[in-house]
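In what follows, a single structure is set out as structure tokens and then discussed.
Number of protein chains: 4
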Amino acid sequence: MVMTIDTDARGVFPISVTPFNDDGTIDYVSMDRMTDFFLALRVPGFTLLGILGEANKLSAAESLELLTHVVRRVDGRTRIIVGVQPGGFNDMQSVIKAVMDQGASGIMLGPAPGLRTEEQVLGYFEALAGRIGPDVPFVLQDYPQSSGVYMSPATMGRIVERVPNVQILKHEEGSALHKISRLRAQETAGERRRVSILVGNSALHLPQELARGVDGANTGVAFPEMLIEVCNRFFNKNSEGGEDLYDIFLPLIRHEWQPGIGLAIRKEVFRRRGLIDCARTRAPGPALDGDDHAELTRILKRLARRLDQAGEGSLIASYPVREITG
Amino acid sequence: MVMTIDTDARGVFPISVTPFNDDGTIDYVSMDRMTDFFLALRVPGFTLLGILGEANKLSAAESLELLTHVVRRVDGRTRIIVGVQPGGFNDMQSVIKAVMDQGASGIMLGPAPGLRTEEQVLGYFEALAGRIGPDVPFVLQDYPQSSGVYMSPATMGRIVERVPNVQILKHEEGSALHKISRLRAQETAGERRRVSILVGNSALHLPQELARGVDGANTGVAFPEMLIEVCNRFFNKNSEGGEDLYDIFLPLIRHEWQPGIGLAIRKEVFRRRGLIDCARTRAPGPALDGDDHAELTRILKRLARRLDQAGEGSLIASYPVREITG
Amino acid sequence: MVMTIDTDARGVFPISVTPFNDDGTIDYVSMDRMTDFFLALRVPGFTLLGILGEANKLSAAESLELLTHVVRRVDGRTRIIVGVQPGGFNDMQSVIKAVMDQGASGIMLGPAPGLRTEEQVLGYFEALAGRIGPDVPFVLQDYPQSSGVYMSPATMGRIVERVPNVQILKHEEGSALHKISRLRAQETAGERRRVSILVGNSALHLPQELARGVDGANTGVAFPEMLIEVCNRFFNKNSEGGEDLYDIFLPLIRHEWQPGIGLAIRKEVFRRRGLIDCARTRAPGPALDGDDHAELTRILKRLARRLDQAGEGSLIASYPVREITG
Amino acid sequence: MVMTIDTDARGVFPISVTPFNDDGTIDYVSMDRMTDFFLALRVPGFTLLGILGEANKLSAAESLELLTHVVRRVDGRTRIIVGVQPGGFNDMQSVIKAVMDQGASGIMLGPAPGLRTEEQVLGYFEALAGRIGPDVPFVLQDYPQSSGVYMSPATMGRIVERVPNVQILKHEEGSALHKISRLRAQETAGERRRVSILVGNSALHLPQELARGVDGANTGVAFPEMLIEVCNRFFNKNSEGGEDLYDIFLPLIRHEWQPGIGLAIRKEVFRRRGLIDCARTRAPGPALDGDDHAELTRILKRLARRLDQAGEGSLIASYPVREITG
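Residue numbers (my numbering), protein chains in the order written: chain A, 1113 to 1438; chain B, 1113 to 1438; chain C, 1113 to 1438; chain D, 1113 to 1438.
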């Protein structure tokens, strides 16, 4: 019995990297370890095959095989959201059907690059939803830095009204904290049904976003246990404690957040934590050189020290940074 | 025995649309008719699965099936170039291997969106060529209006030098006629080996491009027999006659050239010529409304009249516009 | 007494280049000749300081001086529209006040680059209109190829409703002929007040645009007398005759239309027609090399021949291409 | 006697906001206070009329008047760098002459939007330098997030070689820390003359950038005294102490860094510090609403507390955040 995503989604939904072996094939042993890590954290769900998961560099067959494998490992204990890339509706329809048939809890998708106006964006989601039917739950990703498509709060509100599939809005437009307040205000004013709002964009402004009312995060930061604890403290009215913890990690978050190289940084952190065996990305993709490794080492050492000083070290005890020097 | 593309490529290599049935499946009967049309025109080759062929809206399996079908139909009588879309190198490598194994004569590819500098562009093609080996011949597509990547003549020259796969440069940067002169000048000056230069971009400036020394065209204009005749007249020192013929078609070429809607216009012209049975594009894609149909009808009527007046009507006699009113 | 632009604007409003001397200063003698040419054509107005007028390369003082000079020359005999570039509202307000005080008939402006959503676009024009008051008539320029801002017909309709300044919509989104039909349909349906619609974008689709109901053109094509005659024939129910004439010029229009180099081509055509003395553009700007000159010469020779053949040569008799070989 | 900028530039060159009165005119009293603040910090120079200074919203006359005023106030005690916006070379030449005549120490400029290739970028700077002569020292700004022009380290190296005006490279390409290492490696390898490298981009990665060898910062962060102290600690081999201090400010830096709204945030911080009287920006520009104010207040309170805890409070004692609640 698959749990689906719905508008009550709350907390942290990590986004998984896709671990590869040295020969570029998918490393299922590491994928299992990562899956078990998420399960141990009792996350309400996690995302496969996002941008961070290098979805655009996997074949359709590989993507489905990866999903099938992870679904079996998870065995109904949490939700799996699957990133779906824009393309033709025929192909998207088959991919989405296959993904849901395999046991996904929902899909994540954004507007196709090239959509220009509100009318086009609305038309796109209505047409797509018309094709796949109302039973496939969506995370609507708002990431204009990558898609090139900017959606105003009004447009996003209209999509929520017209496309019942949308359960979660994933806010990751940079420099748009006000958007959260405006999206929540639409709900307070009863202008549309309530949906979950999760943040992405490396959680670069998480404390501010939580203060503005988001329900959690859906991002690939290399220490998801921190995101969980920060959210919990905010939810339990200890926002200062939450932000204190967050700020300890901010130097790393800011470092991970970098587009491009950030993927390689995250994979390397997961590797040093013992979660994946190999940090390589598929070509064409970023790789760390000696300077990058030394820089990361320094940031991780400082992080470890600050966690100790703050008495927060136990937070990452299951998977500390074992190999701090890279 | 497959003929490959090489640096002697000359003349017109049409780009094929992908015909669909009303239910959105590939219409192989129309595809055969289109293939036979190209064969009857004795083209040196034609391109499948370009942007015009809606390659981005076919699944990997559909693409390969289409290619296999067409290869069998062609049976070695001409060359088939296959458009390959940017992605991960692993996936591109398998796709390219499959395509060449099926009997393609070469592939067409351009720089991946997101490449920013000459160094990155060069590195991209060198790395990709390193992966797939020197035996796969390339058409290097220079279409920055779509890719967002601008390549100077110097950068293109360096790619030709470092990537032996490149046989044909497909020039389709808008408003860059001077680029042709500069690319040819590199060859005159002996700065690099000679390659074929074909033009795309709907052949919107074909007479000017031929005067600047291109070897032909590789584009999806709905009257390829005209492109062939224009090239032949230029090659046979009758450039005025070539341009006279071209100018008769220019109102339609300009109309077809429109990005987006242009695909629907071309499919409709092919339909009215009896070459394909159904003009629909796959979603999300353009469609003609009543105004668009009336507009096209008017342009085609005027074209027929001008061809008659000029005594050039026989040129399109095999496939005249049977159903002129849409 | 200055005539202003209003929603009855109809016919051809040419856009003037800014002629420079060899030393880069403004050539007022040529400017006068150009002005007299427009007056002799009895145009309802013309535009100064558009993109074609290299407005972005003139200082504020030069721009105002040019306007003052031309206003005096025109002496109320036609309308002068002045292009205004986006900037701070303080500065725009002073510029617009100065321009109107000098005797402009209205201004042309578009959305500022960087506006992303319908809400932002609407807010921009409402705020600007609030600053300068309702008495300054606008040509609202819709040229997303340059501004990067795409406006749907619905958004443009809303601007017309909320910003009474708008008298003319200048349609020059590429590949968007349907937009004209939709804008006109808003009027037929009584959804908003009627405004004038003129086309720009080098009039690359003028016959189609006239058939869809535009009121004329506002563009810098180097033979405005042709645009006038084409419009008149369409207005007088001789659309075939209009399109026949247009198609004779289409090879040149297509050549002029090229972004970047097109400016240099137009100035050179005006020079060869004897309208301006020097074709140079201000740096950084395009210039023609030997190949470009030869190419233009060929196009102009062919144009002259086709005009003669069609018995239309008298159309450009006042300013024929005197120096056809450049 | 004006000190010019040269390749020995080192330390922190703040970028000044332009303070306005409530009626939108320039507030010279606040400008003087800001100038005196910079002088008290003994900065080697500061920048006027950058993007942060809303240069694009001042008229040419206002810009020059502002510079003249500040030059008089500074009276040779430090350097003033003046941002120059891309435009026509005629106009840029006059502006640059006027600016240098008024007593500027150098100018800051970047590639004009629309330049596409290395060849075009090189040609642009060579031509511009040819116009204004070798005596005007440049800060070459590398900020592709705003200009849209990406320059590789190789291209930047070539500009340094061919354009003797360049004294300082201002690195602010996001996610490109490696670029610093590569630019410095060009110098170590003797491939080109040494220039100063300063960082912008809100100093979001300053400790990492200092570790990679930059000479300082040239950015508008609202606590320049912190930047100075961080640089000094790094220069004096106390990089851990420097990064400790930096990390205390990182939550604010990350908040200020936001494009668009960041300008309003910085002006408000300066206002709360008592440095400027009014935080308004010129239209069209960002403004803070109630949520934004509350958010900033929370961040500033946390900053004050962490400074106290770390015993670093004296650093900002001259201008503490007096009015912490906005």
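Backbone N, C-alpha and C fix where the C-beta goes; we use that ideal spot for every residue, glycine too.
Residue i at chain A interface by Cβ criterion, 8 Å
{"i": "Q1320 (chain D)", "result": "yes"}
{"i": "G1372 (chain D)", "result": "yes"}
{"i": "A1239 (chain C)", "result": "no"}
{"i": "T1267 (chain C)", "result": "yes"}
Buried versus exposed, by CB contacts within 10 Å (16 or more), residue i
{"i": "P1207 (chain D)", "result": "Residue identity differs from the one stated: residue 1207 (chain D) is Val in this sequence, not Pro. Its Cβ being crowded by 16 or more others within 10 Å, V1207 (chain D) is buried."}
{"i": "P1265 (chain A)", "result": "buried"}
{"i": "G1245 (chain A)", "result": "exposed"}
{"i": "V1141 (chain C)", "result": "exposed"}
{"i": "M1263 (chain B)", "result": "buried"}
{"i": "T1267 (chain B)", "result": "buried"}
{"i": "E1435 (chain C)", "result": "exposed"}
{"i": "G1269 (chain A)", "result": "buried"}
Cross-strand partners of residue i (DSSP beta bridge)
{"i": "D1254 (chain A)", "result": "A:H1283"}
{"i": "T1159 (chain B)", "result": "B:I1127, B:I1193"}
{"i": "F1132 (chain B)", "result": "B:I1138"}
{"i": "M1146 (chain D)", "result": "DSSP, once it has assigned bridges, lists no residue as partnering M1146 (chain D)."}
{"i": "G1386 (chain D)", "result": "Partner(s): none; G1386 (chain D) has no beta bridge."}
{"i": "L1400 (chain C)", "result": "The partner list for L1400 (chain C) (beta bridge, DSSP) is empty, contrary to what the question assumes."}
{"i": "M1220 (chain A)", "result": "A:G1195, A:V1251"}
{"i": "I1309 (chain A)", "result": "A:L1281"}
Residue-chain proximity (residue i, chain B), Cβ-Cβ < 8 Å
{"i": "I1262 (chain A)", "result": "The sequence given here has Tyr at residue 1262 (chain A), not Ile. No, no contact with chain B."}
{"i": "E1231 (chain D)", "result": "yes"}
{"i": "T1190 (chain D)", "result": "no"}
{"i": "D1359 (chain C)", "result": "yes"}
{"i": "E1285 (chain C)", "result": "no"}
Residue closest to residue i, alpha-carbon to alpha-carbon, out of the options
{"i": "I1377 (chain D)", "options": "D:D1389, D:P1363, D:L1357, D:H1405", "result": "D:H1405"}
{"i": "H1290 (chain D)", "options": "A:L1400, A:F1201, A:A1416", "result": "A:L1400"}
{"i": "A1216 (chain A)", "options": "A:R1228, A:T1159, A:E1238, A:A1172", "result": "A:T1159"}
{"i": "Q1320 (chain B)", "options": "B:A1241, B:Y1358, B:T1300, B:G1165", "result": "B:Y1358"}
{"i": "G1218 (chain C)", "options": "C:L1281, C:I1271, C:R1294", "result": "C:L1281"}
{"i": "T1409 (chain B)", "options": "B:L1151, B:L1387, B:L1364, B:T1229", "result": "B:L1364"}
{"i": "D1134 (chain D)", "options": "D:T1393, D:G1397, D:P1249", "result": "D:T1393"}
{"i": "Q1205 (chain A)", "options": "A:E1435, A:A1239, A:G1136", "result": "A:A1239"}
{"i": "Y1255 (chain C)", "options": "C:D1144, C:A1297, C:P1223, C:D1389", "result": "C:P1223"}
{"i": "M1220 (chain D)", "options": "D:V1433, D:V1278, D:R1189", "result": "D:V1278"}
{"i": "D1144 (chain C)", "options": "C:V1183, C:G1374, C:T1119, C:K1379", "result": "C:V1183"}
{"i": "V1211 (chain A)", "options": "A:P1225, A:G1226, A:R1228, A:I1193", "result": "A:I1193"}
{"i": "L1164 (chain A)", "options": "A:R1270, A:F1237, A:E1368", "result": "A:E1368"}
{"i": "R1294 (chain C)", "options": "B:D1403, B:T1130, B:A1329, B:E1341", "result": "B:D1403"}
{"i": "Y1236 (chain A)", "options": "B:D1389, B:P1398, B:M1338", "result": "B:P1398"}
Chain C contact for residue i (CB, 8 Å cutoff)
{"i": "S1217 (chain B)", "result": "no"}
{"i": "K1168 (chain D)", "result": "For the sequence presented, residue 1168 (chain D) should be read as Asn rather than Lys. Cβ-Cβ to chain C under 8 Å: yes for N1168 (chain D)."}
{"i": "R1345 (chain D)", "result": "no"}
{"i": "A1152 (chain A)", "result": "no"}
Beta carbon proximity, residue i to chain D, threshold 8 Å
{"i": "R1228 (chain B)", "result": "yes"}
{"i": "G1199 (chain C)", "result": "yes"}
{"i": "P1363 (chain A)", "result": "yes"}
{"i": "D1187 (chain A)", "result": "no"}
Validate contact between the stretch 1343 to 1359 of chain B and the stretch 1293 to 1312 of chain B using beta carbons, cut 8 Å, 3 pairs
no
Between the stretch 1414 to 1421 of chain A and the stretch 1116 to 1128 of chain B, can you find at least three pairs of beta-carbon atoms closer than 8 Å?
no
Counting Cβ pairs closer than 8 Å, one from the stretch 1356 to 1372 of chain D and one from the stretch 1424 to 1438 of chain C, do we hit at least three?
no
Across the stretch 1193 to 1202 of chain C and the stretch 1166 to 1184 of chain D, are there enough close Cβ pairs to call them in contact, namely three or more that are closer than 8 Å?
yes
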